[in-house]
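Written out below as structure tokens is the structure these notes cover.
There are 2 protein chains.
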Amino acid sequence: MAKFAVIKEHIYRKIESGEWPEYHPVSSENELSEQFSVSRMTARRALQELAEEGLVTRTRGSGTFVAPLKSQSALLTIRNIADEIRMRNHKHHAVVRVLERVVAPNAVASALQLSPGAEVFHSVITHFENGHAVQIEDRYVNPNLVPQYLEQDFVEHTPHEYLCEVTPLTEASHLIEAVLPTEQQLSWLALENPEPCLQIQRRTWCRDGVVSQATLTHPGSRFRLGGHMTFKAPARVSNAEV
Amino acid sequence: MAKFAVIKEHIYRKIESGEWPEYHPVSSENELSEQFSVSRMTARRALQELAEEGLVTRTRGSGTFVAPLKSQSALLTIRNIADEIRMRNHKHHAVVRVLERVVAPNAVASALQLSPGAEVFHSVITHFENGHAVQIEDRYVNPNLVPQYLEQDFVEHTPHEYLCEVTPLTEASHLIEAVLPTEQQLSWLALENPEPCLQIQRRTWCRDGVVSQATLTHPGSRFRLGGHMTFKAPARVSNAEV
DNA sequence: AACTTGCTAATGTATATACAACATAGCAAA
DNA sequence: TTTGCTATGTTGTATATACATTAGCAAGTT
Chain A
1 MAKFAVIKEH IYRKIESGEW PEYHPVSSEN ELSEQFSVSR MTARRALQEL AEEGLVTRTR
61 GSGTFVAPLK SQSALLTIRN IADEIRMRNH KHHAVVRVLE RVVAPNAVAS ALQLSPGAEV
121 FHSVITHFEN GHAVQIEDRY VNPNLVPQYL EQDFVEHTPH EYLCEVTPLT EASHLIEAVL
181 PTEQQLSWLA LENPEPCLQI QRRTWCRDGV VSQATLTHPG SRFRLGGHMT FKAPARVSNA
241 EV
Chain B
1 MAKFAVIKEH IYRKIESGEW PEYHPVSSEN ELSEQFSVSR MTARRALQEL AEEGLVTRTR
61 GSGTFVAPLK SQSALLTIRN IADEIRMRNH KHHAVVRVLE RVVAPNAVAS ALQLSPGAEV
121 FHSVITHFEN GHAVQIEDRY VNPNLVPQYL EQDFVEHTPH EYLCEVTPLT EASHLIEAVL
181 PTEQQLSWLA LENPEPCLQI QRRTWCRDGV VSQATLTHPG SRFRLGGHMT FKAPARVSNA
241 EV
């Protein structure tokens, strides 16, 4: 095993065993280089990688300390619906239900960080997989950042594909819930009877501000969201509900 | 700006602009150290950090190459329900509905990687927030890995808290969907009328195998799942539906 | 044609050193 | 008591160097 890995193991065990609790100081680079008879750069690498993995925190001038326990996060892949369908070797097509310029509802204006009463672009598109509706994409777009949104052909390319080209995005947030569809949504999904729907609300940012807010509604019977995660540092999980 | 950061910027621009497409070779450590008049170690750091961020791939003996585009993932925080409730300064309590040793249903046996007909532990617990039911935790546990599961008091500590202590976990996978609750679930949630529920299926691993499978059912009206992500490298997002 | 050998270039690990930037404690002066 | 300075220790950046390990290619051998 590489020397830096030996040092990592050593510190890792101290933390996992509980011998070093939260905020406990970790031996400095110089101390470690003496203890293990390695150069400071090698000891440094061990500490740095532990810091990247979130097990310790380092502050220049002060030292290295065992990181506080964190609640664990899970990695969920949320992909472009069109790509997902094509990946299953199924046929995708889209129907544009709404494409307009409207005065933003208050909730939308605040979500897009615009003043109340501002005008925004609004699109509603139904996505089909092998002829069955699997998603309503109800989207409001910031016209200042994407002025030519309304002129696009969203049957050819999804709004996402266009937005990705125009605005390099830097952030996104999601809210997932289970809802009963409205009458309007029911008809857009071509569903006979009401059924639970998985609804994802998504807001996206680029450097200059909020780009768009989308509400994605999926029939529960035709959609699932999958995710997988691996823990680098199992001992550090405090309160993940697992 | 630090020298290694200058080099990173340089390569980053080449990739973002499209000048260097997927799999395009990146200047070697030695080339970069000449071009930028820095030591090889400094050029190396730039390439290494780019590799950690997923923009390039490196293979010893061969070289450094622009990484293929990847679909983007979102980071969802899925926390311990008890902690989440307490964080809102609300009151949490749990009611144990089922705690038994049963022959595993086929689906469960295969999920836990046990032979059909094997016996497993089974618990069902309802979690309350300020007196309102917010989650049914229906869990099957591998008895080989957690032999004393049935002897625990899950009113005091959630199954998660116990499992975390006993088995340091290394992996987890999730499946999220919207469903209508069964009659049984309806009564466990003390709901008058059926309403859409957000259902999370979770499987967890430790080093030695599958630890447990849990089905978490939340009334849609009382639960939302939130997540937030930041992109380190916006240009590399290919098909995230954003 | 198939296999082997050896060379070259690239990344991976490790060392020794120097200086910069920052945090903190302790001490001195106001 | 408060303010400000300094000494010391710690992490951050950078350099020059050496050797190990691996991939890919080319020449030679069977």
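Just so you know, the protein sequences line up as chains A and B, in that order. Heads up: the first sequence runs through residues 1 to 242, numbered per UniProt numbering. Heads up: the second sequence runs through residues 1 to 242, numbered per UniProt numbering. All residues carry an ideal CB built from backbone N, CA and C; glycine is no exception. Just so we're clear, the structure is a prediction, and the values are computed from it rather than from any experiment.
Between residue 124 (chain A) and residue 137 (chain A), the C-beta gap is smaller than 9 Å, which places the two residues in contact. Secondary structure note for residue 17 (chain A): it is in no beta strand (DSSP E), and the uninterrupted alpha helix (DSSP H) holding it is 3–17. By the rule that beta-carbons nearer than 9 Å mark a contact, residue 223 (chain A) touches chain B. Per DSSP, the continuous beta strand (DSSP E) segment holding residue 97 (chain B) begins and ends at 92–103. Fewer than three beta-carbon pairs drawn from the stretch 178–197 of chain A and the stretch 143–150 of chain A are found closer than 8 Å, and the two stretches are therefore not classed as touching. Within chain A, no residue has its CB atom less than 8 Å from the CB of residue 47 (chain B), the nearest being about 16 Å off. No Cβ-Cβ contact shorter than 9 Å links residue 226 (chain A) with residue 212 (chain B). Residue 122 (chain A) is classed as buried because its beta carbon has at least 16 other beta carbons within 10 Å across all chains shown. The stretch 190–205 of chain A makes no contact with the stretch 146–163 of chain B: fewer than 3 CB pairs, one atom from each, lie closer than 8 Å. When DSSP states are grouped into helix, strand and coil, residue 64 (chain A) belongs to the strand group. The stretch 162–178 of chain B and the stretch 107–117 of chain B do not touch, with fewer than three beta-carbon pairs separated by less than 8 Å.
In the DSSP annotation of this structure, residue 47 (chain B) is not part of any beta strand (DSSP E); the continuous alpha helix (DSSP H) holding it starts and ends at 40–52. Residue 222 (chain A) and residue 76 (chain B) have their C-alpha atoms roughly 22 Å apart. In this structure, the CA atom of residue 197 (chain B) is about 12 Å from the CA atom of residue 215 (chain B).
Around residue 177 (chain B), the beta-carbon contacts reaching into chain A at under 8 Å are 198, 220, 223, 224 and 225. When 9 Å is used as the limit between beta carbons, residue 180 (chain B) is near these residues of chain A: 195, 196 and 220, in chain order. Closer than 9 Å to the CB of residue 78 (chain A) there is at least one CB belonging to chain B.
In the three-state DSSP reduction, residue 81 (chain A) falls in the helix class (H, G or I).
Under the three-state reduction of DSSP, residue 222 (chain B) is assigned to helix. Listed in chain order, the non-local C-beta contacts of residue 220 (chain A) below 7 Å within the same chain comprise 195, 196, 197 and 198, local neighbours out to five positions each way being set aside. Runs of alpha helix (DSSP H) with 4 or more residues, each lying fully within the stretch 139–166 of chain A, are found at 159–166, listed in chain order. DSSP places residue 58 (chain B) within a strand segment (E or B) once states are collapsed to three. DSSP places residue 88 (chain A) outside both helix and strand once states are collapsed to three, so it counts as coil.
Taking CB atoms only, residue 168 (chain B) has a neighbour in chain A less than 9 Å away. Shown here for residue 154 (chain B): same chain residues with a beta carbon closer than 8 Å to its own, the five before and five after excluded, namely 94, 96, 99, 123, 125 and 162 in chain order. Where residue 178 (chain B) is concerned, the enclosing beta strand (DSSP E) starts and stops at 169–179. Here residue 116 (chain B) is exposed. Its C-beta has fewer than 16 other C-beta atoms within 10 Å.
For residue 112 (chain A), there is no enclosing beta strand (DSSP E), as DSSP gives it neither H nor E. For residue 119 (chain B), the uninterrupted beta strand (DSSP E) run begins and ends at 119–129, by DSSP.
With 16 or more neighbouring CB atoms inside 10 Å of its own CB, residue 135 (chain A) falls in the buried class. DSSP places residue 186 (chain B) in the uninterrupted alpha helix (DSSP H) bounded by 183–188. The continuous beta strand (DSSP E) containing residue 198 (chain A) extends over residues 197–206. Straight across, the Cα-Cα distance linking residue 210 (chain A) with residue 40 (chain A) is about 45 Å. Residue 208 (chain A) and residue 113 (chain A) have their C-alpha atoms some 11 Å from each other.
The continuous stretches of alpha helix (DSSP H) do not include residue 69 (chain B), and DSSP gives it neither H nor E.
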